[in-house]
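Scroll down for the structure; my scribbles are underneath it.
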Ligand SMILES: [Zn+2]
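In our numbering, the protein residues as written are 3 to 297.
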């Protein structure tokens with residue numbers, strides 16, 4: 003019933019997934035990836051036996067470009083895009099989103115995310131916390147799960163939860179790693195969201211980065227632990243005002259962990275870095291501490 007589609011982002015496998023759910027009547031897509039991989043996604047959907055243009059219900063976990071940068075293409079095919087109320091405006095008019103993403107990705111913007119177009123208001127539906135959307139015989143429930151972004155939704159279908167970025171990335175047998183990009187990281191809210199997911203008692207977490215995670219409790223506990231240790235690392239090292247130096251040091255810290263502690267292969271490290279480059283987390287966590295210190 004749930005199919006994982008590898009969109010082969012930047013030619014790397016197991017970095018970004020989209021999920022196709024077949025109801026008795028219509029198709030549901032969760033996440034779209036960026037528009038640069040639309041043709042890969044089209045092919046993946048064709049391989050399962052469907053025409054991408056038949057997809058009329060697209061659920062996005064949040065409006066970061068690796069999750070929903072390609073949503074406009076589905077809207078042009080007549081699909082409805084379901085999103086958090088705070089994310090809605092950024093799909094209708096992505097100019098602010100493009101502006102802030104450009105600060106992070108600079109000259110790589112176009113290569114990574116390609117074209118980003120406005121979505122017509124009538125193609126976007128905002129979804130409240132605990133709201134249930136019925137598509138054929140499938141019920142998709144919204145769990146507002148702030149922390150990674152304040153407009154984040156984890157989508158629950160039966161005993162499965164599609165966690166976007168709230169439960170971090172876990173690729174194959176690798177460790178669970180958070181992604182903490184600016185500007186909305188909030189560790190306290192994030193921990194609460196992870197508790198909420200745990201209480202739902204799901205059997206499977208479907209991670210955009212990447213695929214299925216079935217040891218739900220240990221996955222969530224590992225995520226909480228790593229989130230806290232990254233957060234504290236940044237606090238401890240934040241007296242260094244040279245952001246480039248700090249980023250380099252953080253990269254060393256993460257790669258030492260992946261190599262020496264998690265003991266994963268270079269290929270797997272590369273997949274993690276394509277899915278979630280750790281450098282983003284430096285500015286995201288610095289900003290989190292800045293806000294916290296001001297309050
Ligand atoms: Zn994200």
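Glycine included, each C-beta is placed from N, C-alpha and C at the ideal position. Please read all numbers here as calculations on a predicted model, not as lab measurements.
query: In the DSSP assignment, what are the bridge partners of residue 4?
result: 23
- prompt: Excluding the five sequence neighbours on either side, which residues of its own chain have a C-beta within less than 8 Å of the C-beta of residue 7, listed in chain order?
  reply: The beta carbon of residue 7 is closer than 8 Å to those of 19, 20, 21, 22, 43, 46, 47, 50 in its chain, skipping five residues each way along the sequence.
- prompt: If you drop the 5 nearest sequence neighbours on each side, which residues of the same chain put their C-beta closer than 6 Å to that of residue 5?
  reply: 22, 50
field: Residues sharing a beta bridge with residue 214, DSSP
entry: Beta-bridge pairing links residue 214 to 208.
query: For residue 176, which residues of its own chain have a beta-carbon under 7 Å away from its beta-carbon, when the five flanking residues on both sides are left out?
result: 264, 266, 270, 274
- request: Could you check how far apart the C-beta atoms of residue 287 and residue 228 are, in whole angstroms? I think they sit under 8 Å.
  value: Going by Cβ atoms, the distance from residue 287 to residue 228 rounds to 12 Å, so no, they are not a contact pair.
- request: Consider the C-beta atom of residue 86 and the heavy atoms of ligand 1; say whether any pair is separated by less than 6 Å.
  value: no
message: Does the contact criterion of 3 or more C-beta pairs under 8 Å hold for the segment 61-69 versus the segment 24-44?
response: yes
message: For a quick check, are the C-beta atoms of residue 249 and residue 281 less than 7 Å apart?
response: For the pair residue 249 and residue 281, the CB atoms are nearer than the 7 Å cut-off.
field: Exposure label - residue 109; buried when at least 16 CB within 10 Å
entry: exposed
- request: Compare the C-alpha of residue 293 against each of 262, 189, 202 and name the closest.
  value: The candidate whose alpha carbon is nearest that of residue 293 is 189.
- prompt: Taking the Cβ atom as the reference point for each residue, do residue 144 and residue 126 lie within a distance shorter than 7 Å?
  reply: no
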